[in-house]
Structures are given as C-alpha cells and as structure tokens.
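First the structure, in the form of structure tokens, and then the observations on it.
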Amino acid sequence: MDRGVKGDKTGCGLQDDSESEHDDLIADFDPGPENTGSGRAPRQVMIEEIEDEAYHRNDEPSEGRRWVEDFPTPTGSIVEGIISEALPTKFEEIRLRKNQSGEAPWAPFSDQDEWELARWLMKSGISQTEREKFLGLKKVRDGIKPSFHNNRAFLKKIDALPKGPEWQCEIFEITGDETDETGNLRTEEVELWKRNPVECVRELIGNPAFRENMKYSPTKIYEDPDGKNRGYDEMSTGDWWWETQMSLPSGATIAPIILSSDKTQLSRFSGDKQAWPPGQPFSLDTYQFASLNASKKPTEHFKDISYFIIEAGTRGINMICADGHVRLVFPLLAAYIADYPEQCLVGCCMENRCPKCLVNPKQRGEGMASILCDPTSTMAHLREMALGLNPVESSKYGLRPVDPFWKNLPHCNIFNAFMPDLLHQLHKGVFKDHIVSWATESANGSDQEIDRR
1141 MDRGVKGDKT GCGLQDDSES EHDDLIADFD PGPENTGSGR APRQVMIEEI EDEAYHRNDE
1201 PSEGRRWVED FPTPTGSIVE GIISEALPTK FEEIRLRKNQ SGEAPWAPFS DQDEWELARW
1261 LMKSGISQTE REKFLGLKKV RDGIKPSFHN NRAFLKKIDA LPKGPEWQCE IFEITGDETD
1321 ETGNLRTEEV ELWKRNPVEC VRELIGNPAF RENMKYSPTK IYEDPDGKNR GYDEMSTGDW
1381 WWETQMSLPS GATIAPIILS SDKTQLSRFS GDKQAWPPGQ PFSLDTYQFA SLNASKKPTE
1441 HFKDISYFII EAGTRGINMI CADGHVRLVF PLLAAYIADY PEQCLVGCCM ENRCPKCLVN
1501 PKQRGEGMAS ILCDPTSTMA HLREMALGLN PVESSKYGLR PVDPFWKNLP HCNIFNAFMP
1561 DLLHQLHKGV FKDHIVSWAT ESANGSDQEI DRR
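Just so we're on the same page, this note's numbering is the position in the sequence shown counted from 1, plus 1140.
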C-alpha cells in the first residue's frame, strides 16, 4: 500500500520538522530514504504516559468513562470483637522494635548507602565468587569502605535481617530408572524445601507498602452506564472472584493464589530425577514457597504444601492487612501457570489431550463446543482406576492414574485455573506448527520462497 507523502505532511499525517514547533516531542515514523527520497536519519520514537481511565461507582453521575458495580453483600469487612483501631503490621512492629532499642533503621548496615549496596549485591544475580572479587577490590575497600570485607561477612549481615516465613527441609529417598553395577535401581536422597504458603500470604497482605493497592472485594466494571459492555483488568474485576465470593461468609475476603511451577532437570545420576519448584505470586509480589525434587511425580509432593491452604481456605483465617485492620481471609487457588505438559500431568490426562476439556484429540482446532472437565467426575474415574476397575472413561477421556494434589482444595476447579501456555500453545502451537506451516505450503517455492520474502 502506498503511504503517500503529500506536501509538508509525512505518511502519518504529522507536520514536517521545518513547520512543527513541537517536533522534538512527537513520535513520528519516517518512511526512509528509499520511499521519500530524503536522506534524513529516522527520528527518535517517544513514548507518552497515559493515565488510566476514570472509574465511577454505579451510584455516581454518569459522565465518567467507566462504571463500577460493587458486590451486593459486605466483603473485606473488619473483624469485630478484636480491636476497632488499626493494629501495627509485622513490618511496623519491626520498625517499632528498632526505635525502642535505639537501633538505626538500616541496621545491621551502617547507613542507607551501605544498605543499597547490599541490596544490589543480593539482587543483581552475580555469583558469590564474583561478589568476593568485588569486595576485594582496592577501590571498594579503601573508597566505599563497607562494614563487610568479604562475602562471608556480607552473608552474616544478610542473615541478621528480619526474616520472612521459615523454610523447612524434608529428606526422602527416591528410586530412579537406571541400574547400578549390581543390577539394582539407583536410589538417592533428595531434599524438599518448603514453607507455609499461608504465612507467605500473611506477610504479603500485611505489607504496608501495598496499602493503597490492596483489593478486598470483587467488582464489575462497565464501559457504558447501562452495564452491557463489561470490562476487565485486575483480578478483582474478573468473574472467578465474584462467583467464588458468593460461597463465602458475609464480610470475608479472598486472597487469590496464583500457583506456578516449572520442571527442571537436576541430575542424571538416577536417570530421571527432576524438580518442580512451585512459586506463589500473590498481589504485588512473588514468593517461592517450595523447591522440590521429584521423580516424574510433582503432584505427590505438592500435597505436602497444599494442606496448609486446605485448612485456611475452608474456614478462613484472621490476618492483619496492609491498612492495619484484621479481616477474615480465605487463601484460595485462583490460577495455575505451567507448561502444557505439566498442565496435562496436573489435569490427570495424556499429553495428546486438552487439559481443560474433553474434546477428542483428532477434533482439536475445529470450531466446535466441548464439555469442560469436571473435578468431581474426574476424581470418581481416578478412584475406579486406582481400584483396578479400568472404567471406559479412562481411555475415552485419556485419563492417567495420578493422585492430584488439588483434590481437597476448597473452592477449587483446577481445570478453570489453568492459564494459557503462551510458549507451547500460542507461539509454537498456533503460530509455528500451524500458521507458518500453512503459509509455507500455500507459497510457491515453499521454504525457500518464505525465507526470501
């Protein structure tokens, strides 16, 4: 298509630099010398920061751009009978103890500058060897003069900082699929490092740095005052929170947990030992609450962590929130982020199946409706498989015998929790395996023609 440069206008309809008073502030696209005949160098692209659209409550005047519908019953209410005033959060208690003891805010570091240096050394990703070299530089020793002279002294300072939820280590033995010189399967002791995910939620929801960003209640937002054009942005505006909130006691609030895991090959000593370190992104930060070594069975060891969520998600638990008030919080699994093969494993299906619905593998990609997987019926079929009954559904729906960690999680539909795997399902699946293949076949000259273009 001819972009057409006319008179003193560029192809984007912006004035030429000889006539624009604000040319240095405008992001302009220069078609280039071969299209315009000009030898000018391309201009720099500028990015303009645009404020979010205004929200208006459903009982306010309708001149705003978006309208908000609040949940019909009380949510995120302050728990009565404990204390009416705001309580100090864990972080505020630490600051209070420092003030009472006369300790500097940056202790155990000497001042703010040293604290910022220590923070950079920990978060930059450099190895301990490189950190030792850096602290040994003459310019650092004689110029900066930190209170820690080597990496060991530095780590002692780090260990003296206030700690979050504690890690616990469980050691167990696994059997690989390779044999030793005697013909026996190799075994090895591995470690499961874990911490209570509920305590991770407690620390995050009580962090005063997030006070202005916390959401304790679901809402629905609309682009029109008639409520016909629904909008979505934060998790609190989604259907999951709204629908789940209906099954909780009045005044309760949800702490949505987004669980993620990724398989990592640790060692080939026993043949097939791998790790699935799960993390728990919640609200504005991320916690890794376990690092586990498994032998192709991550769901077995997830259960060592999920029992914390089962109790708190069933009854709720009182937590001091970022604003200092106590609320009844239900930590619930809202989403699960994993690669497609792991989704199939957690969903108890073969890898040629869809982890979310019961579509036949040969019908995937067709414009048809399919029945969504259901946790209750899936568990019924898995129990029959465990008893050796071999139900017809096991082969019809491509089930495989897995004891899922999610079976007792309250208010959890794991199949709805699966998020799209952008790498395998979108980039590789849709684009590479389908669009690229179709485009290549439809072009004369096949691969060579596509590469030339």
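All C-beta atoms, glycine included, are put in the ideal place defined by N, C-alpha and C.
### Task
Pull up the DSSP beta-bridge partners for residue 1327, would you.
Answer by DSSP bridge pairing, in chain order: 1315.
### Query
Does the beta-carbon of residue 1210 have 16 or more other beta-carbons within 10 angstroms, so that it is buried, or is it exposed?
In the assembly as shown, residue 1210 is an exposed residue. Its beta-carbon has fewer than 16 other beta-carbons within 10 Å.
### Query
Over what stretch of residues does the beta strand (DSSP E) that includes residue 1458 continue unbroken?
Segment 1457-1460, the beta strand (DSSP E) holding residue 1458.
### Query
In three-state DSSP terms, what is residue 1116?
Shown here, the chain extends from 1141 to 1593; a query on residue 1116 therefore has no answer.
### Query
DSSP three-state call for residue 1393: helix, strand or coil?
DSSP places residue 1393 in strand when its eight states are reduced to three.
### Query
Taking Cβ to Cβ, would you say residue 1322 is nearer than 9 Å to residue 1313?
At the C-beta level, residue 1322 and residue 1313 stay beyond 9 Å of one another.
### Query
In chain order, which beta strand (DSSP E) runs of at least 3 residues are fully inside the stretch 1344-1386?
Entirely contained in the stretch 1344-1386, the beta strand (DSSP E) runs reaching 3 residues are, in chain order, 1359-1362.
### Query
How long is the line joining the alpha carbons of residue 1495 and residue 1485, rounded to whole angstroms?
Approximately 8 Å between the Cα atoms of the pair.
### Message
Can you look up residue 1310 in the DSSP assignment and give me helix, strand or coil?
### Response
In the three-state reduction of the DSSP assignment, residue 1310 falls in the strand class.
### Task
Pick helix, strand or coil for residue 1434, following the three-state DSSP scheme.
The predicted model places residue 1434 with a pLDDT of 43, which falls under 50 and marks its position as unreliable, so this point remains unresolved.
### Message
Let me see if you follow: with CB-CB separation under 9 Å, is residue 1311 close to chain B or not?
### Response
In the structure shown, chain B does not exist; there is a single protein chain.
### Same chain only: Cβ atoms within 7 Å of residue 1583, ignoring 5 sequence neighbours per side
Closer than 7 Å at Cβ, skipping near neighbours: 1589, 1590.
### Task
Out of 1237, 1376, 1474, 1370, point me to the one whose CA is closest to residue 1551's CA.
Nearest C-alpha to residue 1551: 1474.
### Task
Confirm, please, whether the CB-CB distance from residue 1384 to residue 1359 is below 9 Å.
In this structure, residue 1384 does not lie closer than 9 Å to residue 1359 by Cβ.
### Query
Could you give the distance in angstroms between the alpha-carbon of residue 1531 and the alpha-carbon of residue 1265?
Going from the Cα of residue 1531 to the Cα of residue 1265 covers about 51 Å.
### Task
Out of 1483, 1350, 1537, point me to the one whose CA is closest to residue 1502's CA.
Checked all of 1483, 1350, 1537; the closest Cα to residue 1502 is 1537.
### Query
So the alpha helix (DSSP H) residue 1555 belongs to, where does it begin and stop?
Start and end: 1554-1557.
### Message
Taking 9 Å as the threshold (C-beta atoms), are residue 1487 and residue 1558 in contact?
### Response
Closer than 9 Å, so yes.
### Task
Work out the CA separation of residue 1363 and residue 1492 for me, nearest whole Å.
Spanning the two alpha carbons is a distance of roughly 40 Å.
### Query
Taking the beta strand (DSSP E) that residue 1466 falls in, what are its first and last residues?
Per DSSP, residue 1466 belongs to the beta strand (DSSP E) from 1466-1477.
### Task
Evaluate residue 1102 with the Cβ neighbour count: other Cβ atoms within 10 Å of its Cβ, from every protein chain shown; 16 or more gives buried, anything less gives exposed.
Residue 1102 lies beyond the stretch modelled for the chain, which goes from 1141 to 1593, so this question has no answer here.
### Task
With DSSP collapsed to three states, give me the class of residue 1285.
Reduced to three states, the DSSP call for residue 1285 is coil.
### Task
Determine the contact status of residue 1207 and residue 1391, defining contact as a CB-CB distance below 9 Å.
Their beta carbons are not under 9 Å apart, which means residue 1207 does not touch residue 1391 by this criterion.
### Message
Taking its Cβ as the centre, do 16 or more other Cβ atoms sit within 10 Å of residue 1511, making it buried, or is it exposed?
### Response
Looking at its Cβ environment, which holds fewer than 16 other Cβ atoms inside 10 Å, residue 1511 is exposed.
### Task
Could you tell me the distance, in whole angstroms, from the CA atom of residue 1336 to the CA atom of residue 1466?
Between the alpha carbons of residue 1336 and residue 1466 lies a gap of roughly 20 Å.
### Query
Start and end of the alpha helix (DSSP H) containing residue 1484?
Run containing residue 1484: 1480-1486, per the alpha helix (DSSP H) assignment.
### Message
With a threshold of 7 Å on Cβ separation, who are the neighbours of residue 1305 within its own chain once the five nearest residues in sequence on each side are excluded?
### Response
Leaving aside the five residues that flank residue 1305 on each side, the residues in its chain whose CB is nearer than 7 Å to its CB run, in chain order, 1335, 1336, 1339, 1340, 1343.
### Message
Short of 7 Å in beta carbon distance, which residues of its chain neighbour residue 1480, apart from the five on each side in sequence? Order them along the chain.
### Response
If the five residues before and after residue 1480 are omitted, its C-beta is found closer than 7 Å to the C-beta atoms of 1561, 1564, 1565, all from its own chain and listed in chain order.
### Message
So, for residue 1594: in the same chain, excluding its five sequence neighbours on each side, which residues have a beta-carbon less than 6 Å away from its beta-carbon?
### Response
Lying outside 1141 to 1593, the shown extent of the chain, residue 1594 is not represented and no answer is given.
### Message
Starting from residue 1546, trace the alpha helix (DSSP H) in both directions and tell me its first and last residue.
### Response
Here residue 1546 belongs to no alpha helix (DSSP H), and DSSP marks it neither H nor E.
### Query
With respect to the alpha helix (DSSP H) encompassing residue 1579, which residues constitute its N-terminal and C-terminal limits?
The continuous alpha helix (DSSP H) containing residue 1579 extends over residues 1577-1582.
### Task
Give the single residue among 1345, 1528, 1245 whose Cα lies nearest to the Cα of residue 1464.
The option with the nearest alpha carbon to residue 1464 is 1345.
### Task
List the DSSP bridge partners of residue 1234.
Bridge partners of residue 1234: none, in fact.
### Message
I need the boundaries of the alpha helix (DSSP H) containing residue 1268, first residue and last residue.
### Response
For residue 1268, the enclosing alpha helix (DSSP H) starts and ends at 1268-1276.
### Query
Is it right to say residue 1311 is buried, meaning 16 or more other beta carbons lie within 10 angstroms of its own, or is it exposed?
Residue environment for residue 1311: exposed (fewer than 16 other C-beta atoms within 10 angstroms of its C-beta).
### Message
Please classify residue 1354 as buried or exposed, where buried requires at least 16 other C-beta atoms within 10 Å of its C-beta.
### Response
Buried.
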